[in-house]
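Participant: Pasting in a structure now, in structure tokens, and then I'll have a few things to ask.
There are 2 protein chains.
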Amino acid sequence: MDRWLINGVRSSALAADDRGLAYGDGLFETLAVRAGKCRFIEFHLDRLTESCVRLGIPFEADNSLRKEIAEFIAGEVHGTLKLIVTRGKGPRGYAPPDPAWPTRLLGFSATTPATFPHMGVRVRYCQSLISRNRMLAGMKTLNRLEQVMARAEWAHVPAEYQEGLMLNDRDEVVCGTMTNLFMVRADGLYTPALDESGVAGIMRSQIINIASDMQIELKETSVSKMDIRTAEGVFLTNSLIGLWPVQEVEGQSYGIPPLIVQVRSALAKLGVQECQ
Amino acid sequence: MDRWLINGVRSSALAADDRGLAYGDGLFETLAVRAGKCRFIEFHLDRLTESCVRLGIPFEADNSLRKEIAEFIAGEVHGTLKLIVTRGKGPRGYAPPDPAWPTRLLGFSATTPATFPHMGVRVRYCQSLISRNRMLAGMKTLNRLEQVMARAEWAHVPAEYQEGLMLNDRDEVVCGTMTNLFMVRADGLYTPALDESGVAGIMRSQIINIASDMQIELKETSVSKMDIRTAEGVFLTNSLIGLWPVQEVEGQSYGIPPLIVQVRSALAKLGVQECQ
Chain P
33 MDRWLINGVR
43 SSALAADDRG
53 LAYGDGLFET
63 LAVRAGKCRF
73 IEFHLDRLTE
83 SCVRLGIPFE
93 ADNSLRKEIA
103 EFIAGEVHGT
113 LKLIVTRGKG
123 PRGYAPPDPA
133 WPTRLLGFSA
143 TTPATFPHMG
153 VRVRYCQSLI
163 SRNRMLAGMK
173 TLNRLEQVMA
183 RAEWAHVPAE
193 YQEGLMLNDR
203 DEVVCGTMTN
213 LFMVRADGLY
223 TPALDESGVA
233 GIMRSQIINI
243 ASDMQIELKE
253 TSVSKMDIRT
263 AEGVFLTNSL
273 IGLWPVQEVE
283 GQSYGIPPLI
293 VQVRSALAKL
303 GVQECQ
Chain F
33 MDRWLINGVR
43 SSALAADDRG
53 LAYGDGLFET
63 LAVRAGKCRF
73 IEFHLDRLTE
83 SCVRLGIPFE
93 ADNSLRKEIA
103 EFIAGEVHGT
113 LKLIVTRGKG
123 PRGYAPPDPA
133 WPTRLLGFSA
143 TTPATFPHMG
153 VRVRYCQSLI
163 SRNRMLAGMK
173 TLNRLEQVMA
183 RAEWAHVPAE
193 YQEGLMLNDR
203 DEVVCGTMTN
213 LFMVRADGLY
223 TPALDESGVA
233 GIMRSQIINI
243 ASDMQIELKE
253 TSVSKMDIRT
263 AEGVFLTNSL
273 IGLWPVQEVE
283 GQSYGIPPLI
293 VQVRSALAKL
303 GVQECQ
């Protein structure tokens, strides 16, 4: 990132004793800064607070954090804000310190606006599996080595694929390394259930809300490679890209059915400028 | 830790952009410093180098690292050395930077010698499950949130239990939160296979070598709660404690069969002073 703020201080120096490093004992959020504002910030802060409750990290995203973020990105127009909350420093050993003093880190990088991939993106299946654990499912924890290993599979040919899909040990397709997955079928939208793995993305939750508003049937369910093969259309979402139609999954080509165009327009109306 | 050395510099300030924090993209080793020396250092360094190969982190534990460690602990008698290697800094995103410049951290804490628990320790079963993923199994990665959550289960009554056992979603007992597990049965020793989860501990590997030398049958296999219930004896190992006999697992009591005494004596002969 271009610059960091750690516990309110302009610094990029994290204490080596921090449990975020030692154990990945923490969470993060990646927010799109667009036209000087953090997009969907309340959704991000709600998810962060809820995840902190699940992990027992005594941190609540409150007005002082909102103020800190606003001051930190003041004057910026377009970029990425990374918000990390860890359980803080502690003595050696897995037992959480009591009381814990969480560490909060804000990082900002200026970026240039991306162009929408009108033809769609190319996607592969990763060999690296994603593990199942209900206790951690849905959260964006700092334990992301599975995603790193999956992403590394095509790091030598980065232009070949824009994303890789991850499966669990039951041959269920769970998510992309950095995106959530949706399929268009004759009877509506499908997206993998995230009760055992994966991150419940903020852009994913926007799609779910849009589907509800537009009375589009949306099922959170088990998704197989065969389901994807027989889908009318496939798209990916995350907070920074908005929505990417998928052009190809390992040789299988897809068009962009009207439902994707509708959902994309609805996202654009919610302020996702990448979808305009 | 009392003090840190990061990439050869006396500092406890890690760059916030380090992938060790962002993704748990790294590994660690915990070494017992006893009588001024790092116990079983070659085993730790071999495991670290092998794990770096598996993760694609371009780091080899070589003579310059041995020298750095020796200088770092010079003058110390008894304590714990923590060695962390991460994939280093990188831009945002899961893709590993190429080339990567790994970060190495050495941390040292002085400790006082522990007394051997002659009566054995009390152990519980954790509700938090350990996930299965062959790609990461056996390694001591920085993704340790499952162990943190398991250990947190009895953080409010720390004196009640000295360790908690973790099961996977198939009801197999895999390990303790910070230890490896062994059972004594009529036909020899049993320890959970670690091909799907868990850390292949250095003290565990010493036990395996001892069993081989003493011609004790040792099976690495699937272990159930029922297997543990019907065992003659149970013990736990890690690099700092050496070997702990288990006195009780949730109401089930165990004695200390002669085989545990023999193994313990063999560890003591290898320099594990906690077992004397």
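Chains as they are written, first to last, in this note's numbering: chain P, 33 to 308; chain F, 33 to 308. All C-beta atoms, glycine included, are put in the ideal place defined by N, C-alpha and C.
(1) Measure from the C-beta of T173/F to each C-beta in chain P and report whether the shortest distance is under 8 Å.
(2) Whose CA, out of K172/P, P128/P and L77/P, lies closest to the CA of D94/P?
(3) Report the neighbours of S160/P on chain F: residues whose CB is nearer than 8 Å to its CB, in chain order.
(4) Are the C-beta of L115/F and some C-beta of chain P separated by less than 8 Å?
(5) Relative to chain P, which residues along the stretch 33 to 45 of chain F have a C-beta separation below 7 Å, given in chain order?
(6) Whole angstroms are fine: how far does the CA of E103/F sit from the CA of R35/F?
(7) Establish whether the CB of T211/F and some CB of chain P are separated by less than 8 Å.
(8) Can you list, in chain order, the residues of its chain with a C-beta nearer than 6 Å to that of G56/F? Leave out the 5 residues immediately preceding and following it.
(9) What whole-angstrom Cβ distance do R136/P and I234/P have, given they're in contact under 8 Å?
(10) Could you list the residues in the stretch 133 to 144 of chain P with a C-beta less than 8 Å from some C-beta on chain F, going in chain order?
(11) Which full runs of the alpha helix (DSSP H) of 4+ residues lie inside the stretch 208 to 257 of chain P, going along the chain?
(12) In the DSSP assignment, what are the bridge partners of I273/F?
(13) Which whole-angstrom value is the C-beta distance of L268/F and G230/F, which I expect to be below 8 Å?
(14) Mind checking if D49/P is an interface residue toward chain F, Cβ cutoff 8 Å exclusive?
(15) Thinking just about the alpha-carbon of each residue, which of D50/F, L63/F and G196/F is nearest to the one in T118/F?
(16) Taking only beta carbons into account, state which residues of the stretch 221 to 235 of chain P come closer than 7 Å to chain F, listed in chain order.
(17) Does the distance from the C-beta atom of I260/F to that of M215/F stay below 8 Å?
(18) What is the DSSP secondary structure of I292/F, reduced to helix, strand or coil?
(19) Going by DSSP, what residue range makes up the alpha helix (DSSP H) through L177/P?
(20) Could you check the C-alpha separation between F148/F and A106/F for me, to the nearest Å?
(21) Within the same chain, show all residues whose beta-carbon is closer than 8 Å to that of T81/P, passing over the 5 residues directly before and after it, in chain order.
(22) How about L309/P: is its C-beta nearer than 8 Å to some C-beta of chain F?
(23) In chain P, which residues lie with their C-beta within 7 Å of the C-beta of D57/F?
(24) Kindly list, in the order they appear in chain P, the residues whose Cβ is closer than 9 Å to that of R183/F.
(25) Go through its chain and collect everything with a Cβ distance to M33/F's Cβ below 7 Å, but skip five positions before and after it.
(26) Which of the three DSSP states, helix, strand or coil, is assigned to K69/F?
(27) To the nearest angstrom, how far is the alpha carbon of M181/P from that of Q308/F?
(28) At 9 Å on the CB atoms, spell out the chain P contacts of T353/F, in chain order.
(29) When the Cα of S163/F is compared with those of I101/P, W186/P and D201/P, which residue comes out closest?
(30) Are the beta-carbon atoms belonging to S237/F and F75/F less than 8 Å from one another?
(31) For E178/F, count neighbouring Cβ atoms within 10 angstroms of its own Cβ and tell me buried if that reaches 16, exposed if not.
(32) In chain order, what residues of the same chain lie with their CB nearer than 6 Å to the CB of Q326/P, ignoring the 5 residues before and after it?
(33) Residues in the same chain with beta-carbon distance under 6 Å from I89/P, minus the five sequence neighbours each way, listed in chain order, please.
(34) From C84/F to A127/F, what does the alpha carbon distance come to, in whole angstroms?
(35) Where does S96/P fall in DSSP's three states?
Facilitator: From the atom records:
(1) yes
(2) L77/P
(3) M167
(4) no
(5) M33, W36, I38, S44 and A45
(6) 13 Å
(7) no
(8) L174 and N175
(9) Not a contact, Cβ separation roughly 19 Å.
(10) L137, G139 and S141
(11) 234 to 245
(12) Answer is none; I273/F lacks a bridge partner.
(13) Between G230/F and L268/F the Cβ distance is about 13 Å, and since that is not below 8 Å, they are no contact.
(14) yes
(15) D50/F
(16) none
(17) yes
(18) helix
(19) L177 to A184
(20) 27 Å
(21) F91, E92 and A93
(22) Nothing can be reported for residue 309/P: it is not among the residues displayed for chain P, which extend from 33 to 308.
(23) L177 and V180
(24) G125, Y126, A127 and P128
(25) K114, G139, F140 and S141
(26) strand
(27) 43 Å
(28) The structure shown has nothing for residue 353/F, since chain F only spans 33 to 308.
(29) D201/P
(30) yes
(31) buried
(32) What is shown of chain P runs 33 to 308, which leaves residue 326/P out entirely.
(33) R119 and P134
(34) 16 Å
(35) helix
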